[in-house]
Amino acid sequence: MSSAPSRVVELAGGVGGARLGHGLQSILGSALSVVVNTGDDLERHGLLVCPDHDTVLYTLAGIEGPFGWGIAGDTSATMAQLGAYGEETWFGLGDRDLAAHVVRTARIRAGTSLTAANLGLQRALGLAATILPMTDESVRTEVRTVEGWLEFQEYFVHRQQEPAVLEVRFRGIETAAPTAEVRLALDAAQAIVIAPSNPIVSVGPILAVAGLREMIERARSAGMPVVAVSGIVGGRALKGPADRMLASLGHEPSALGVARIYAGLATGFVVDPVDAHYTPEIERLGLRTLVVDTIMVDDASRARVAADVLAFAGTLARAVG
Ligand code: FO1
818 MSSAPSRVVE
828 LAGGVGGARL
838 GHGLQSILGS
848 ALSVVVNTGD
858 DLERHGLLVC
868 PDHDTVLYTL
878 AGIEGPFGWG
888 IAGDTSATMA
898 QLGAYGEETW
908 FGLGDRDLAA
918 HVVRTARIRA
928 GTSLTAANLG
938 LQRALGLAAT
948 ILPMTDESVR
958 TEVRTVEGWL
968 EFQEYFVHRQ
978 QEPAVLEVRF
988 RGIETAAPTA
998 EVRLALDAAQ
1008 AIVIAPSNPI
1018 VSVGPILAVA
1028 GLREMIERAR
1038 SAGMPVVAVS
1048 GIVGGRALKG
1058 PADRMLASLG
1068 HEPSALGVAR
1078 IYAGLATGFV
1088 VDPVDAHYTP
1098 EIERLGLRTL
1108 VVDTIMVDDA
1118 SRARVAADVL
1128 AFAGTLARAV
1138 G
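Using our numbering, the letters of the sequence shown map in sequence onto residues 818 to 1138.
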């Protein structure tokens, strides 16, 4: 294989996955497919909202909001009026963001698949890369807390991730299958990148879709590099509750803890210099380790991390090939 893979599939959740995807797209263009988690999806005001897809969509379109989700500069007049009519407004949907949910819901109601409806939004926003929901069937992440089971966004947004997560389940996963588009993308891939997303509730649901993990393991045993990037840096999640969730579920909240989750699936693992001291233990898990700055604060650092990850994947493929 040449120095770096030319067709890549990224497994991604929210903000971390979107930022790395933006960097990967700047290098790979249409040769990048991003398989996104749909477990965070929810219905709000009669509309289907797909937070992880839309976070990647807006980020790859270069229009994401200041917190990583929604659209930059969006307004909230519709939410204000919905509140005036007595509707719940704790899940803030911008006016321009709402247009995506209206279009997607209408097209699905007209018989279009979730994948096709989302591809239409991507084409309209001029994306070079392709974003693929992990399945077209309904999968909804729920977390068990001392107050019982909560739907994901109820926990993540309404309860502000405050309750400790004691268990996680993916409602509907039993009957969910990977889409044909996901299978094709994985078949064509020369490398798989597991984004610095929450390994439990962002990457976890993707790997739980029947047959998906096996497809990756088969490609891996045929020599395809699978590079995971740690989303825990210095014991902290860069964004979201991953560090607390790992701890409350019994994992070590560290880059090593994440490496243990991906050992046996990934062939390479990327950690930030602050976690370089874990390298010997990570290598003992059978993961080749790359130590690079993984903080993505702007377009340049997103592209740099992506380039480092792709070059690393190239060395892993050569090592096997
Ligand atoms: N996160 C929040 O913390 N508060 C919100 O009001 C909120 C609204 C929202 C609307 C659309 C969207 O695509 C994402 C939104 N998010 C919000 C983020 C979302 O909860 C997370 O991005 C993911 O679900 C976690 O990966």
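Glycine is no exception: its CB is placed at the ideal position from the N, C-alpha and C atoms.
Contact holds between the segment 1075-1083 and the segment 1104-1118, because three or more Cβ pairs, one in each stretch, are under 8 Å apart.
Per DSSP, the unbroken beta strand (DSSP E) holding Pro-950 starts and ends at 947-950.
CA-CA distance, Asp-1110 to Phe-969, rounds to 31 Å. Take the alpha-carbon of Arg-986 and the one of Arg-1053: they are about 23 Å apart. Distances from the CB of Pro-980 to the heavy atoms of ligand 1 are all 7 Å or more.
Residue pairing by DSSP places Arg-961 opposite Trp-966 and Glu-984 in a beta bridge. Remark: the shortest separation between the CB of Thr-876 and any heavy atom of ligand 1 does not fall under 7 Å. Assigned with DSSP and collapsed to three states, Ala-1128 falls in helix. Annotation: the segment 1059-1121 contains the following complete segments of the beta strand (DSSP E) (minimum length 3 residues), in chain order: 1085-1088 and 1105-1108. In the structure shown, Ile-1049 adopts extended strand secondary structure according to DSSP, grouped into three states.
Comparing alpha carbon positions, the residue from Gly-989, Asp-858, His-839 and Arg-1035 closest to Ser-850 is His-839. Scanning its chain for C-beta atoms nearer than 8 Å, with the 5 sequence neighbours on each side dropped, one finds around Ala-1134 the residues Met-818, Pro-822, Gln-1007, Ala-1008, Gly-1040, Met-1041 and Pro-1042, in chain order.
Excluding the 5 residues flanking it on each side, Ala-848 has same chain C-beta neighbours closer than 6 Å at Ser-823 and Arg-824, in chain order. Not one heavy atom of ligand 1 lies closer than 7 Å to the C-beta of Gly-900. Per DSSP, the unbroken beta strand (DSSP E) holding Leu-865 starts and ends at 864-866. Counting along the chain, the unbroken beta strand (DSSP E) around Leu-828 starts and ends at 825-829. Secondary structure remark: continuous beta strand (DSSP E) runs of at least 3 residues inside the segment 1009-1045: none found. Closest in C-alpha terms to Leu-845, from the list Gly-1131, Thr-1132 and Leu-1127, comes Leu-1127. The beta carbon of Ile-880 lies closer than 8 Å to those of Ile-888, Ala-889 and Leu-942 in the same chain, with the five residues before and after it left out. For Ala-1123, the three-state secondary structure derived from DSSP is helix. Comparing alpha-carbon positions, the option among Ala-927, Ala-923, Trp-886 and Gly-928 lying closest to Phe-908 turns out to be Trp-886. The DSSP-derived three-state label of Val-853 is strand.
Under DSSP, Glu-860 forms a beta bridge with Leu-865. Secondary structure at Glu-971: helix, using DSSP grouped into helix, strand and coil. Put simply, the backbone Cα of Ile-948 is about 23 Å away from that of Ile-1112. In this structure, the CA atom of Gly-833 is about 12 Å from the CA atom of Leu-877. With a cutoff of 7 Å, Asp-891 does not count as near ligand 1, since its C-beta is closer than that to no heavy atom of the ligand.
Note that the segment 1008-1018 touches the segment 1051-1068; at least 3 beta-carbon pairs, one per stretch, sit closer than 8 Å.
The segment 1024-1033 and the segment 949-957 touch, with three or more beta-carbon pairs separated by less than 8 Å.
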